[in-house]
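*Asks:* If you scroll down you'll find the structure; I have some questions about it.
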Amino acid sequence: MSGIDALAARIRADLGPDQVLTDRQQLRTYECDGLAHYKVIPALVALPRTAAQAAAVVRACAAAGVPFVARGSGTGLSGGALPHADGVLIVTSQLRDILEMRPADERAVVQPGVINLQVTQAATPHGYYYAPDPSSQQICSIGGNVAENSGGAHCLKYGFTTNHVTALEVVTPDGELVRLGGAAPDVPGYDLVGAFVGSEGTLGVATEVTVRLTRLPETVRTLLAAFHGTDQAGAATSAIIAAGVVPAAIEMMDALSIEAAEAAVHCGYPAGAGAVLVVELDGPSAEVDAQFDEVTALCEKNGAFEIRVAADDTERQLIWRGRKSAFAAVGRISPDYIVQDGVIPRTALPEVLRRITEVASSQGVRVANVFHAGDGNLHPLVLFDDRVPGEAERAETVSGAILDLCIEYGGSITGEHGVGVDKARYMPRMFSDTDLDTMQLVRCAFDPDGLANPGKVFPTPRLCGERPGRRQGAFEHEGAEVF
Numbered sequence: 001m002s003g004i005d006a007l008a009a010r011i012r013a014d015l016g017p018d019q020v021l022t023d024r025q026q027l028r029t030y031e032c033d034g035l036a037h038y039k040v041i042p043a044l045v046a047l048p049r050t051a052a053q054a055a056a057v058v059r060a061c062a063a064a065g066v067p068f069v070a071r072g073s074g075t076g077l078s079g080g081a082l083p084h085a086d087g088v089l090i091v092t093s094q095l096r097d098i099l100e101m102r103p104a105d106e107r108a109v110v111q112p113g114v115i116n117l118q119v120t121q122a123a124t125p126h127g128y129y130y131a132p133d134p135s136s137q138q139i140c141s142i143g144g145n146v147a148e149n150s151g152g153a154h155c156l157k158y159g160f161t162t163n164h165v166t167a168l169e170v171v172t173p174d175g176e177l178v179r180l181g182g183a184a185p186d187v188p189g190y191d192l193v194g195a196f197v198g199s200e201g202t203l204g205v206a207t208e209v210t211v212r213l214t215r216l217p218e219t220v221r222t223l224l225a226a227f228h229g230t231d232q233a234g235a236a237t238s239a240i241i242a243a244g245v246v247p248a249a250i251e252m253m254d255a256l257s258i259e260a261a262e263a264a265v266h267c268g269y270p271a272g273a274g275a276v277l278v279v280e281l282d283g284p285s286a287e288v289d290a291q292f293d294e295v296t297a298l299c300e301k302n303g304a305f306e307i308r309v310a311a312d313d314t315e316r317q318l319i320w321r322g323r324k325s326a327f328a329a330v331g332r333i334s335p336d337y338i339v340q341d342g343v344i345p346r347t348a349l350p351e352v353l354r355r356i357t358e359v360a361s362s363q364g365v366r367v368a369n370v371f372h373a374g375d376g377n378l379h380p381l382v383l384f385d386d387r388v389p390g391e392a393e394r395a396e397t398v399s400g401a402i403l404d405l406c407i408e409y410g411g412s413i414t415g416e417h418g419v420g421v422d423k424a425r426y427m428p429r430m431f432s433d434t435d436l437d438t439m440q441l442v443r444c445a446f447d448p449d450g451l452a453n454p455g456k457v458f459p460t461p462r463l464c465g466e467r468p469g470r471r472q473g474a475f476e477h478e479g480a481e482v483f
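Each residue of the sequence shown is one higher than the one before, counting from 1 in full-length UniProt numbering.
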């Protein structure tokens, strides 16, 4: 019996025969996350239904010295849940219970497989909702949101996942179930919850998450402003923030992303728009009304040729429908695309967008821009046709150049999608070797054997049992097939 066969037998004994997959065709279901450009078939897949079972899987991996990767709904866009060819993929989608809804404490306790939107649906009857809202919120899981520190359209005002998680139950890389944080707003000692959120599965597996609930606002008002180009839309964004107004969301789409959204969901955005802004304000009615008038005036002053105001929730949802569908909609106008995720100062939006266009033109590829304009979190979609020789390589060149632009303007190589396997090779462009080694010391404290999601985040194996001298960046992840 091989080592993997023995490990599979041990895990089956702990979980049950139907909770361990070894058939190659079944395993192919899990060969990638939302970043389908990289594929790895895991050695086996475990489907725990309880925290104790998840811990048992990790203990078995630790005893055998076998790496493991945690996966939620698989909607991530950085290859963070890319399996290890010789390892175990721990899928948490069956841990999907809302354990407690405590509106009086403004808290909910959920398992990692709970879908993001389900938390809001459960909290709404009590007058609350869960603020972080990735565009994939109808299918992404809380566990994945914790791993990647996901954001969303409303993170401008309300912050990312890390601002809404107060406690965690996690399986450490040696298989121990431990609790971090608490229900109180702040707990003494080191912020281990803050370290774990956004660690991309390299510090362990979350099995329970205590989240902060936010009271539903008294008033929500949404407008769609159409501009002839991204320069005017970017200037309007900067003017709104400079005026002291902090909307719940400011989202921008350029002409190409509008074209895709129209083809996919028929959102009816203004004809001839080179860019649109979706601006949403929420809070006390008197405050929202005053800010809404100011935002409208600033959009008009900066060149908006049409402004639509949602009269009710139905119209509000229609405005948001185009923006929320943008990533998937691009498939209507391009057979393949790379979703990038970088951050720049919002004041640099017009200049950076112009330079992205120049870079794309020089390589003969198109870029559709759709992003969180309010906090400068770009999501350029680099379009290509993999059937055409050389297009994928040119798209990769443009994708990397966009990240270089983000760094050049004082930004970051990721805002909310994480580093994963896709951006590991870009980390040295943003951090020194000393910086990266210091980050790795945190990982070593949790995972001295380097078994938790190896080959992710850091550009080269360093310490913690990973083999020295072997690079495992985006193109060299062990067992990875690049498509």
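All C-beta atoms, glycine included, are put in the ideal place defined by N, C-alpha and C.
These numbers were taken from a predicted model, which means no experiment stands behind them.
1. Taking Pro380 as the reference, give the member of Pro389, Ile333, Phe327 with the closest Cα.
2. Rounded to the nearest angstrom, what separates Pro112 and Gln138 at their Cα positions?
3. Go ahead and pull the three-state DSSP assignment for Pro468.
4. Considering only the alpha carbon of each residue, which of Val209, Gly234, Arg24 lies closest to Arg346?
5. Under the rule that 16 or more other beta-carbon atoms within 10 Å means buried, what is Gly272, buried or exposed?
6. Buried or exposed for Asp447, please, with buried defined as at least 16 other CB atoms from any protein chain shown within 10 angstroms of its CB.
7. Can you give the beta carbon distance from Glu200 to Lys456, rounded, assuming they're within the 8 Å contact cut?
8. In the structure shown, what three-state DSSP assignment does Ala311 receive?
9. Starting from Arg221, follow its DSSP beta bridges and name the residues at the other end.
10. Pull up the distance between the alpha-carbon of Ala392 and that of Val367, whole angstroms please.
11. Applying the 10 Å Cβ sphere with the 16-neighbour rule, what's the burial state of Pro468?
12. Could you give the first and the last residue of the continuous beta strand (DSSP E) run that contains Pro380?
13. Distance, Cα to Cα, Leu99 vs Val245?
14. For Gln440, count neighbouring C-beta atoms within 10 Å of its own C-beta (all shown protein chains included) and say buried if the count is 16 or more, exposed if not.
15. Beta-carbon separation of Leu224 and Ile319 under 7 Å?
16. For Ser141, does the three-state DSSP call read helix, strand or coil?
17. If you drop the 5 nearest sequence neighbours on each side, which residues of the same chain put their C-beta closer than 6 Å to that of Val220?
18. Got a sec? Which residues, its chain only, sit under 8 Å from Glu106 by beta carbon, not counting five neighbours each side?
19. Quick one: give me the first and last residue of the alpha helix (DSSP H) that Ala46 is part of.
20. What does DSSP give as the partner residues of Asp336 in its beta bridges?
21. Please list, in chain order, all residues of the same chain as Arg31 whose beta carbon is under 8 Å from its beta carbon, the five residues on each side excluded.
22. Going by Cα to Cα distance, which pick from Asn369, Ser257, Ala122, Ala70 is closest to Leu203?
23. Confirm, please, whether the CB-CB distance from Pro173 to Ala452 is below 7 Å.
24. Does the Cβ of His154 have 16 or more other Cβ atoms within 10 Å, making it buried, or fewer, making it exposed?
25. Just checking my contact of Arg394 with Gly374 at CB under 8 Å: how many whole Å lie between their CB atoms?
26. Just the Cα atoms here: how many angstroms apart are Arg316 and Gly87?
27. DSSP three-state call for Gly3: helix, strand or coil?
28. Taking contact to mean at least 3 C-beta pairs separated by less than 8 Å, is the region 51-70 in contact with the region 168-185?
29. At which residues does the beta strand (DSSP E) containing Thr207 begin and terminate?
30. Nearest-angstrom Cα distance between Val309 and Thr166?
31. Which parts of the region 68-105 are runs of the beta strand (DSSP E), unbroken and 3 residues or longer, counting only runs that do not cross its ends?
32. Pick from Arg179, Gly72, Gly189: whose alpha carbon is nearest that of Ser93?
33. Nearest-angstrom Cα distance between Tyr426 and Glu287?
34. For Asn369 and Glu148, I'd like the C-alpha separation in whole angstroms.
35. With DSSP run on the structure shown, which of helix, strand or coil describes Leu177?
36. Look at the alpha carbon of Met430 and the alpha carbon of Pro132, and state the distance between them as a whole number of angstroms.
*Replies:* In short:
1. Working through the sequence shown from its first residue, we reach residue 380 at position 380. Per the Cα distances, Phe327.
2. The residue given as residue 112 occupies position 112 in the sequence shown. The residue given as residue 138 occupies position 138 in the sequence shown. Computed Cα separation, rounded: 15 Å.
3. For the purposes of this step, residue 468 is taken as residue 468 along the sequence shown, with counting starting at 1. Residue confidence for Pro468 is low, a pLDDT of 35 falling below 50, so the modelled location carries little weight and cannot support an answer.
4. Within the sequence shown, numbered from 1, the residue matching residue 346 stands at position 346. When each option's Cα is compared against that of Arg346, the closest is Gly234.
5. The sequence position of residue 272 within the sequence shown is 272, counting from 1. Classification of Gly272: exposed, given that the 10 Å Cβ count is below 16.
6. Looking up residue 447 in the sequence shown gives position 447. The residue in question, Asp447, is buried, as its Cβ has 16 or more Cβ neighbours within 10 Å.
7. Working through the sequence shown from its first residue, we reach residue 200 at position 200. Working through the sequence shown from its first residue, we reach residue 456 at position 456. Contact flag correct, Cβ pair sits at about 6 Å.
8. To locate residue 311, count along the sequence shown from 1; it is residue 311. Three-state DSSP puts Ala311 in coil, outside helix and strand.
9. As a working mapping, residue 221 is identified with position 221 in the sequence shown. The beta-bridge partner set that DSSP reports for Arg221 consists of Leu281.
10. As a working mapping, residue 392 is identified with position 392 in the sequence shown. As a working mapping, residue 367 is identified with position 367 in the sequence shown. When rounded, the distance between both Cα atoms is 13 Å.
11. Along the sequence shown, one-based indexing puts residue 468 at 468. The predicted position of Pro468 is uncertain, since its pLDDT is 35 and thus under 50; a value taken from the coordinates is nonetheless stated next. It is exposed - the Cβ of Pro468 has fewer than 16 other Cβ atoms within 10 Å.
12. Counting from 1 along the sequence shown, the entry for residue 380 is found at position 380. Element bounds for Pro380: 380-384.
13. What you label residue 99 is simply residue 99 of the sequence shown in a count that begins at 1. What you label residue 245 is simply residue 245 of the sequence shown in a count that begins at 1. Going from the Cα of Leu99 to the Cα of Val245 covers about 37 Å.
14. In the sequence shown, counting from the first residue as 1, residue 440 sits at position 440. Its Cβ being crowded by 16 or more others within 10 Å, Gln440 is buried.
15. Reading the sequence shown from its first residue, position 224 is the one you call residue 224. Reading the sequence shown from its first residue, position 319 is the one you call residue 319. The beta carbons of Leu224 and Ile319 sit closer together than 7 Å.
16. What you label residue 141 is simply residue 141 of the sequence shown in a count that begins at 1. Looking at Ser141 - three-state DSSP - the assignment turns out to be strand.
17. As a first step, residue 220 must be located in the sequence shown, where it is residue number 220. Closer than 6 Å at the Cβ level, and outside the excluded window around Val220, lie Asp282.
18. Taking the first residue of the sequence shown as 1, we reach residue 106 at position 106. Around Glu106: Tyr128, Arg212, Leu213, Thr214, Arg215.
19. As a first step, residue 46 must be located in the sequence shown, where it is residue number 46. Looking at the DSSP string, Ala46 is not in any alpha helix (DSSP H); the run it does join, the beta strand (DSSP E), is 44-46.
20. Against the sequence shown, residue 336 aligns to sequence position 336. Phe384.
21. In the sequence shown, counting from the first residue as 1, residue 31 sits at position 31. According to the sequence provided, residue 31 is Glu. The question's Arg does not apply to it. Counting only residues of its own chain and dropping the five nearest sequence neighbours on each side, Glu31 has a CB closer than 8 Å to the CB of Lys39, Val40, Ile41, Pro42, Pro83.
22. Here residue 203 corresponds to residue number 203 of the sequence shown, with the count starting at 1. The shortest Cα separation from Leu203 among Asn369, Ser257, Ala122, Ala70 belongs to Ala70.
23. Translated into positions along the sequence shown, residue 452 becomes position 452. Translated into positions along the sequence shown, residue 173 becomes position 173. Taking 7 Å as the Cβ cut-off, Ala452 and Pro173 qualify as a contacting pair.
24. Locating residue 154 in the sequence shown gives position 154, counting from the first residue. Label assigned to His154: buried.
25. To locate residue 394, count along the sequence shown from 1; it is residue 394. To locate residue 374, count along the sequence shown from 1; it is residue 374. That pair is no contact at about 31 Å.
26. For this step, residue 316 is matched to residue 316 along the sequence shown. For this step, residue 87 is matched to residue 87 along the sequence shown. When rounded, the distance between both Cα atoms is 45 Å.
27. In the sequence shown, the residue the question calls residue 3 occupies position 3. Here Gly3 sits in helix by DSSP.
28. yes
29. As a working note, residue 207 is residue 207 in the sequence shown. Where Thr207 is concerned, the enclosing beta strand (DSSP E) stretches over 205-212.
30. Locating residue 309 in the sequence shown gives position 309, counting from the first residue. Locating residue 166 in the sequence shown gives position 166, counting from the first residue. For Val309 and Thr166, the distance between alpha carbons rounds to 36 Å.
31. 68-71, 88-91, 98-102
32. Locating residue 93 in the sequence shown gives position 93, where the first residue counts as 1. Of the candidates Arg179, Gly72, Gly189, Gly72 places its Cα closest to the Cα of Ser93.
33. Taking the first residue of the sequence shown as position 1, residue 426 is located at position 426. Taking the first residue of the sequence shown as position 1, residue 287 is located at position 287. Computed Cα separation, rounded: 43 Å.
34. As a working mapping, residue 369 is identified with position 369 in the sequence shown. As a working mapping, residue 148 is identified with position 148 in the sequence shown. When only Cα atoms are considered, Asn369 and Glu148 end up about 22 Å apart.
35. On the sequence shown, residue 177 is found 177 positions in, with the first residue counted as 1. Strand, per DSSP.
36. For the purposes of this step, residue 430 is identified with residue 430 of the sequence shown, where counting begins at 1. For the purposes of this step, residue 132 is identified with residue 132 of the sequence shown, where counting begins at 1. If I take the Cα positions, the gap works out to 26 Å.
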